[in-house]
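Asks:
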Amino acid sequence: MPGSRLLSSLVLSMALVFAVAGCATNTEGESGSLSLELVINGDAEIDEVQWSITRGGEEIKSGTINTSANGATASVQAYGLEPGDGYTITLEAVSPEKETTCKGSAMFDIKVGEVTEVDVMMNCKPPRRFGAVRVNGELNICPYINWADVSPLETSVGNDIDLFAMATDDEGDPIFYMWSSGSGVIADPIAQSTTYTCTAVGDDAITILVTDDGGTHCMDMHTVPIECFAGDGEPCEGVICEDTGNECTTAACNSGTGFCETSNVADNTDCDGGAGMCMGGECVPKELCMDVVCEDDGNECTDEACNPADGMCETSNNSNACNDDTGTCSEGVCVPNPECTVDGDCPATGNECIDAACNAGTCGTSNNTNACDGGDGTCDAGVCVPNPECAVDGDCPATGNECIDPVCNAGTCETSNNTNACDDDTGTCQDGQCVTTDPCAGVVCDDTGNDCTVAECNPANGLCEESNVADETACNNDGGKCNAGFCVPAPTANGFIKTLDPNAGFSVSASNTQDTTNLPDSWGGFTLPLVITQDLVGHILQFGFQTNASNFDNTNNFYDNVVLNDPAVLYTQDFNGLDITASTVGDGWAFFVNVFDSAGTRKFGYGGAAPNGTGFISGIVSGQGGLEQEPQQLSVFSDYNCCGLGGTNEEGHGNGTDLVETNVFQERTIAAEDVGKTFEFIFQAKAGNIGQ
Numbered sequence: 042m043p044g045s046r047l048l049s050s051l052v053l054s055m056a057l058v059f060a061v062a063g064c065a066t067n068t069e070g071e072s073g074s075l076s077l078e079l080v081i082n083g084d085a086e087i088d089e090v091q092w093s094i095t096r097g098g099e100e101i102k103s104g105t106i107n108t109s110a111n112g113a114t115a116s117v118q119a120y121g122l123e124p125g126d127g128y129t130i131t132l133e134a135v136s137p138e139k140e141t142t143c144k145g146s147a148m149f150d151i152k153v154g155e156v157t158e159v160d161v162m163m164n165c166k167p168p169r170r171f172g173a174v175r176v177n178g179e180l181n182i183c184p185y186i187n188w189a190d191v192s193p194l195e196t197s198v199g200n201d202i203d204l205f206a207m208a209t210d211d212e213g214d215p216i217f218y219m220w221s222s223g224s225g226v227i228a229d230p231i232a233q234s235t236t237y238t239c240t241a242v243g244d245d246a247i248t249i250l251v252t253d254d255g256g257t258h259c260m261d262m263h264t265v266p267i268e269c270f271a272g273d274g275e276p277c278e279g280v281i282c283e284d285t286g287n288e289c290t291t292a293a294c295n296s297g298t299g300f301c302e303t304s305n306v307a308d309n310t311d312c313d314g315g316a317g318m319c320m321g322g323e324c325v326p327k328e329l330c331m332d333v334v335c336e337d338d339g340n341e342c343t344d345e346a347c348n349p350a351d352g353m354c355e356t357s358n359n360s361n362a363c364n365d366d367t368g369t370c371s372e373g374v375c376v377p378n379p380e381c382t383v384d385g386d387c388p389a390t391g392n393e394c395i396d397a398a399c400n401a402g403t404c405g406t407s408n409n410t411n412a413c414d415g416g417d418g419t420c421d422a423g424v425c426v427p428n429p430e431c432a433v434d435g436d437c438p439a440t441g442n443e444c445i446d447p448v449c450n451a452g453t454c455e456t457s458n459n460t461n462a463c464d465d466d467t468g469t470c471q472d473g474q475c476v477t478t479d480p481c482a483g484v485v486c487d488d489t490g491n492d493c494t495v496a497e498c499n500p501a502n503g504l505c506e507e508s509n510v511a512d513e514t515a516c517n518n519d520g521g522k523c524n525a526g527f528c529v530p531a532p533t534a535n536g537f538i539k540t541l542d543p544n545a546g547f548s549v550s551a552s553n554t555q556d557t558t559n560l561p562d563s564w565g566g567f568t569l570p571l572v573i574t575q576d577l578v579g580h581i582l583q584f585g586f587q588t589n590a591s592n593f594d595n596t597n598n599f600y601d602n603v604v605l606n607d608p609a610v611l612y613t614q615d616f617n618g619l620d621i622t623a624s625t626v627g628d629g630w631a632f633f634v635n636v637f638d639s640a641g642t643r644k645f646g647y648g649g650a651a652p653n654g655t656g657f658i659s660g661i662v663s664g665q666g667g668l669e670q671e672p673q674q675l676s677v678f679s680d681y682n683c684c685g686l687g688g689t690n691e692e693g694h695g696n697g698t699d700l701v702e703t704n705v706f707q708e709r710t711i712a713a714e715d716v717g718k719t720f721e722f723i724f725q726a727k728a729g730n731i732g733q
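Here the numbering used here runs 41 ahead of the position in the sequence shown, where the first position is 1.
#1: Label ALA316 either buried or exposed according to how many other C-beta atoms from any shown protein chain fall within 10 Å of its C-beta, with 16 as the threshold for buried.
#2: Measure how close the beta-carbons of SER360 and CYS370 come, nearest whole angstrom, since I'm counting them as under 8 Å.
#3: Any idea which residues DSSP pairs VAL448 with across the strands?
#4: Starting from LEU611, follow the beta strand (DSSP E) in both directions and report where the run begins and ends.
#5: For CYS375, which residues does DSSP report across the bridge?
#6: Can you find the residues in the same chain that come closer than 6 Å, C-beta to C-beta, to GLU721, ignoring five residues on each side of it along the sequence?
#7: Quick one: what's ALA292 bridged to in DSSP?
#8: Cutting at 7 Å between CB atoms, please list the residues of its own chain near PHE724, excluding the five before and the five after it.
#9: To the nearest angstrom, report how far apart GLU355 and ASP344 are at their CA atoms.
#10: What are the uninterrupted segments assigned as beta strand (DSSP E) that are 3 or more residues long and contained completely in the region 304-348, given in chain order?
#11: Using the three-state DSSP reduction, which class does GLY629 fall into: helix, strand or coil?
#12: Let me know if PHE171 comes out buried or exposed under the rule of 16 or more other beta-carbons within 10 Å of its beta-carbon.
#13: Thinking just about the alpha-carbon of each residue, which of GLY667, LEU668, VAL716 and PHE616 is nearest to the one in ASN653?
#14: Does DSSP put PHE217 in a helix, a strand or coil?
#15: Is SER296 close to chain B? Criterion is C-beta to C-beta, closer than 8 Å.
#16: Report, in whole angstroms, the separation of the C-beta atoms of CYS498 and CYS505, which I expect to be a contact under 8 Å.
#17: What does the alpha-carbon distance come out to for the pair LYS727 and GLY503?
#18: Could you please give me the residues that DSSP links to GLN707 through a beta bridge?
#19: Which one or two residues does DSSP pair with PHE657 in a beta bridge?
#20: Helix, strand or coil for ALA134, going by three-state DSSP, please let me know.
#21: Per DSSP, which one or two residues make a beta bridge with ALA412?
#22: Pull the bridge partners of HIS263 from the DSSP assignment, please.
#23: So what's GLY717 in DSSP terms, helix, strand or just coil?
#24: Assuming ASP253 contacts ILE216 (C-beta within less than 8 Å), just tell me the rounded distance between them.
#25: When you compare only the Cα positions, how much space is there between GLY435 and GLY441?
#26: Since CYS735 is in the beta strand (DSSP E), which residue starts that stretch and which ends it?
#27: Between the Cα of GLU140 and the Cα atoms of LYS152, ARG169 and GLY125, which residue gives the shortest distance?
#28: Counting C-beta neighbours from all protein chains within 10 Å, is the total for ALA432 16 or more, i.e. buried, or is it exposed?
#29: Look at the alpha carbon of ALA208 and the alpha carbon of ASP284, and state the distance between them as a whole number of angstroms.
#30: Could you give the DSSP three-state label for GLN665: helix, strand or coil?
#31: CB LEU700 to CB PHE637, shorter than 8 Å?
#32: Spatial neighbours of ASP542 within its chain, please: CB distance less than 7 Å, with the 5 preceding and 5 following residues excluded, ordered by chain position.
#33: For TRP188, report the span of its beta strand (DSSP E) as first-last.
#34: What three-state label does DSSP hand VAL649 in the structure shown?
#35: Compare the Cα-Cα distances from LEU250 to each of VAL705, ILE231 and VAL334 and report the closest residue.
#36: DSSP three-state label for GLY385, please.
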C-alpha cells in the first residue's frame with residue numbers, strides 16, 4: 042500500500058516561507074505564506090498527516106495531507122500568515138490499523154522578507170510487541186514406603202503369598218498403591234493388602250510402587266524376589282477339569298502348574314455322532330467323504346485324501362523318507378539323500394593333521410594346522426612337524442641364578458651371563474656370580490614396636506637406625522595417625538553431665554556422657570540423667586560438651602536447644618537470643634582446656650568465659666537447618682591456639698602431638714535440697730567437621 046513510513050522517532054523538516062503575493066512590484070502586502078514539506082521514513086504506514094497552526098491559543102490554519110497515493114509527499118503551502126512571533130505548528134499521524142501514533146510540535150516566528158525553518162520532532166508510539174506470563178509454583182512432597190510385607194517368600198505352584206504395604210505422605214495427599222510381578226496372578230494390583238498366586242515353577246519378583254500424582258513424578262518403589270516350587274506332591278492331584286462343552290477340545294491339568302488347560306483333539310477325529318470330523322478344534326461335516334475311498338497313485342512321495350469340502354480325492358506332495366530311507370521326498374519326487382550334510386557325517390581320516398570334510402554333500406578331506414603329537418608338533422600340509430624348543434627367551438626355563446639368563450638361539454634354549462645388579466641391588470653380576478660389598482647384606486633390623494617408626498639398615502655403616510614414618514600414616518588400628526613418630530588418637534566428642542569434688546582437686550565424683558563423635562549430618566536429641574546423692578552436696582555440677590583431639594584434627598560439632606531440669610526446668614538455652622558478634626558466647630557459658638602429652642600425662646590447663654570465635658573452643662553459628670532449629674546454634678572445637686589466650690605454647694601443643702581436651706559448659710553448686718533428685722541434661726546435636 043503506498044504511503045510514507047516511520048521509525049519509532051523521527052525528525053520532521055519543514056520550511057516556512059513568507060512571500061509577497063503577486064509580482065515583485067507588489068511589495069506592500071503584510072501577509073506571508075507557510076510552505077511545509079514532510080519527509081517520513083520508517084516501517085509504519087502513514088496514509089495521512091493532520092496539521093494545524095495556532096497562535097495565542099487560536100487556530101490560524103489546519104488541514105490534512107493525503108500521503109496514500111503512490112508518489113505523494115507530505116507537503117502543504119499555507120498563505121496569509123501575519124508577521125509576528127508565538128506561532129505553533131502541530132503535526133499528528135495515525136497508522137491505518139491504529140497501532141502506531143505519532144505527534145510533534147514546534148514554535149516559530151514569521152518575519153517579513155525572511156524564510157523561517159522549523160524542525161519538528163514527532164514522537165511515535167509503536168504497538169506493544171511483548172506479553173507476560175505469571176507462574177505460581179507448588180511443592181509436592183512425594184510419598185515414601187515405610188513398611189512392606191511379602192510372606193512367605195517361597196511357596197508351591199497354586200498357593201498364595203500375602204502382600205501388604207504401608208506408605209506415608211507428609212502432606213496427607215491420597216496414596217495410590219500398585220503391585221506388579223513378572224508372572225503369577227495378583228488378586229487386586231491396586232489394593233494396599235492383596236495376594237499373589239504362584240502359577241509357574243521358578244523365580245519371580247514382586248514390586249510395590251506408591252505415588253500421589255499418578256506415577257508422573259512422585260514415586261517410591263520396593264522389589265522383593267520370591268520363588269515358586271513344584272510342591273511336595275503331584276500338582277494335579279485332586280484337580281478335576283470341567284468339560285469344555287466342545288467334543289473337538291479337551292481340558293486337562295498341566296502337571297507343571299496344576300492348572301487346567303484346553304487343547305484341540307487330533308484333526309479328523311469323529312464328532313457329531315460320526316457325521317462330522319474335528320478340524321482345528323471345530324466339528325465340521327464329513328458327509329461328502331463318508332463313503333469315498335481314494336486310490337493310491339503308487340508314488341510314495343504323494344498322499345491321496347478326500348477333501349471334506351467337496352468330497353473329491355486330491356493328491357498332495359509329502360516330505361517323507363523314500364526308497365528304503367535312502368532318499369527324501371521333494372515336490373513329489375524321491376531325491377537321493379546326500380552322502381553328508383555336515384563334516385561329522387564323514388568317516389575319520391585316522392590322521393590328526395587331516396580332517397574329514399563335507400563338500401556339497403560329498404565326503405572329502407582337508408589339511409589343518411592344529412597342534413599335534415601331544416602338543417610337541419604343529420600340522421603342516423597334512424604332516425605333524427616337531428615344534429622348536431623355543432621361539433623367544435621367555436620360552437626357556439629359568440636358570441635359578443640371577444646372574445645367568447636363559448636365551449633362545451635358533452629354536453634351542455641356551456644360557457648367557459648378565460651384568461645386572463643382584464642380591465637386592467647390593468652387588469653386581471660378574472662371570473655368572475654375584476659380587477657384593479654392601480655392609481647391609483644379610484642385616485635384618487628388629488621391629489621398633491611403634492607403628493609410627495621403622496628400623497632400617499644404614500648402607501653407610503651397616504647399622505640399624507630408627508626413623509619416623511610419614512605423618513598422617515594410620516596407626517594402632519583405631520583411627521589414629523602418625524605425627525613426628527608418635528601415634529596420636531582419632532578425635533572424639535561427647536555431651537556430659539558430671540559433678541566435681543572441690544575438696545579432691547576438682548576430680549570427677551559422678552558423671553554420665555553421650556558419645557557424639559560419629560553423628561549424622563542431621564539433628565538428633567539426647568537425654569543424660571544424673572541422680573544426686575548425699576555425698577555430692579557441695580560439689581560442682583557441670584553440663585555441656587567436650588572434644589578430644591590431637592594432630593590438629595578437626596573436632597567441630599553443633600549443639601542446640603539445651604535444657605537442664607530436675608524435673609522442673611532449671612536452665613534452657615536455644616542460642617537465638619545471644620549476640621553472634623560478641624567476643625564471648627555469653628549467658629554464663631565457660632570453658633576449660635586440659636592438655637596431655639602423647640603418653641597421657643596432663644601438662645597444663647587453662648579456662649575462662651567461653652569465647653565466640655571461629656576455629657577454636659566455641660562460637661555462635663547460624664544456618665545449620667533442622668525442623669526444630671532456629672537461626673543460631675552452638676559450635677564446640679578443640680583448642681590448638683592456647684597462646685592466643687596468653688598461655689605458654691609448650692612443645693607438643695604447638696606441633697599436634699599433645700591431646701587437647703576442650704570442655705564448654707554451664708555449672709552450678711549441688712545443694713542439700715537437690716539430694717534424691719534426678720537432674721536431666723537434654724540437648725540436640727549434629728555432626729560438623731569432626732575427623733575430616
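All residues carry an ideal CB built from backbone N, CA and C; glycine is no exception.
Replies: Quick look at the numbers:
#1: Here the question's residue 316 lines up with position 275 in the sequence shown. With fewer than 16 other CB atoms across the displayed protein chains lying within 10 angstroms of its CB, ALA316 is exposed.
#2: Residue mapping note: residue 360 aligns to position 319 of the sequence shown, counting from 1. Residue mapping note: residue 370 aligns to position 329 of the sequence shown, counting from 1. Contact flag correct, Cβ pair sits at about 5 Å.
#3: In the sequence shown, counting from the first residue as 1, residue 448 sits at position 407. Note: VAL448 sits in a beta bridge opposite GLU455.
#4: Your numbering for residue 611 matches position 570 in the sequence shown. 610-614 is the span of the beta strand (DSSP E), which, as asked, contains LEU611.
#5: Your numbering for residue 375 matches position 334 in the sequence shown. According to DSSP, CYS375 bridges with CYS370.
#6: Residue numbering aside, residue 721 sits at position 680 when the sequence shown is read from its first letter. Same-chain partners within the cutoff: THR568, PRO570 and ASN606.
#7: Reading the sequence shown from its first residue, position 251 is the one you call residue 292. Paired residues: THR303.
#8: The sequence position of residue 724 within the sequence shown is 683, counting from 1. Closer than 7 Å at Cβ, skipping near neighbours: GLY536, PHE567, TYR600, ASN602 and VAL603.
#9: Mapped onto the sequence shown, residue 355 falls at position 314. Mapped onto the sequence shown, residue 344 falls at position 303. Near 8 Å, if we compare the C-alpha coordinates of ASP344 and GLU355.
#10: 317-320, 323-326 and 343-348
#11: For the purposes of this step, residue 629 is taken as the residue at position 588 of the sequence shown. Coil.
#12: Within the sequence shown, numbered from 1, the residue matching residue 171 stands at position 130. Exposed is the call here.
#13: Residue mapping note: residue 653 aligns to position 612 of the sequence shown, counting from 1. Per the Cα distances, PHE616.
#14: Looking up residue 217 in the sequence shown gives position 176. PHE217 sits in a strand when the DSSP states are folded into three classes.
#15: Of the protein chains in the structure, only one exists, and it is not chain B.
#16: For the purposes of this step, residue 498 is taken as residue 457 along the sequence shown, with counting starting at 1. For the purposes of this step, residue 505 is taken as residue 464 along the sequence shown, with counting starting at 1. Right, the Cβ-Cβ distance comes to about 6 Å (below 8 Å), so this counts as a contact.
#17: For the purposes of this step, residue 727 is taken as the residue at position 686 of the sequence shown. For the purposes of this step, residue 503 is taken as the residue at position 462 of the sequence shown. Spanning the two alpha carbons is a distance of roughly 55 Å.
#18: The count along the sequence shown starts at 1 and reaches residue 707 at position 666. Paired residue(s): PHE584.
#19: Taking the sequence shown and counting its residues from 1, one reaches residue 657 at position 616. None, per the DSSP bridge assignment.
#20: Locating residue 134 in the sequence shown gives position 93, counting from the first residue. ALA134: strand per DSSP, three-state reduction.
#21: As a first step, residue 412 must be located in the sequence shown, where it is residue number 371. Answer is THR419, bridged to ALA412.
#22: Counting from 1 along the sequence shown, the entry for residue 263 is found at position 222. Looking at the DSSP assignment, HIS263 forms a beta bridge with ILE249.
#23: Counting from 1 along the sequence shown, the entry for residue 717 is found at position 676. Three-state DSSP puts GLY717 in coil, outside helix and strand.
#24: If you number the sequence shown from 1, residue 253 lands on position 212. If you number the sequence shown from 1, residue 216 lands on position 175. The pair is a contact, with the Cβ atoms about 6 Å apart (cut-off 8 Å).
#25: Along the sequence shown, read from residue 1 onward, the residue named residue 435 stands at position 394. Along the sequence shown, read from residue 1 onward, the residue named residue 441 stands at position 400. Roughly 14 Å separates the two Cα atoms.
#26: Not covered by the structure: residue 735. The range shown for the chain is 42 to 733.
#27: Indexing the sequence shown from 1 puts residue 140 at position 99. It is ARG169.
#28: Reading the sequence shown from its first residue, position 391 is the one you call residue 432. Per the 10 Å Cβ criterion, exposed.
#29: Walking along the sequence shown from the start, residue 208 turns up at place 167. Walking along the sequence shown from the start, residue 284 turns up at place 243. Using only the alpha carbons, I get a separation of about 46 Å.
#30: Counting from 1 along the sequence shown, the entry for residue 665 is found at position 624. GLN665 falls in the coil class under three-state DSSP.
#31: By 1-based counting over the sequence shown, the position of residue 700 is 659. By 1-based counting over the sequence shown, the position of residue 637 is 596. Closer than 8 Å, so yes.
#32: Indexing the sequence shown from 1 puts residue 542 at position 501. Hits under 7 Å: SER548, SER550 and HIS580.
#33: For the purposes of this step, residue 188 is taken as residue 147 along the sequence shown, with counting starting at 1. If you look at TRP188, you'll find it in the beta strand (DSSP E) that goes 185-192.
#34: In the sequence shown, the residue the question calls residue 649 occupies position 608. In the sequence as presented, Val is not what sits at residue 649; that position holds Gly. Strand at GLY649.
#35: Residue 250 sits at position 209 when you count from the first residue of the sequence shown. Ranking VAL705, ILE231 and VAL334 by Cα distance to LEU250 puts ILE231 first.
#36: Residue numbering aside, residue 385 sits at position 344 when the sequence shown is read from its first letter. DSSP, read as helix, strand or coil, puts GLY385 in helix.
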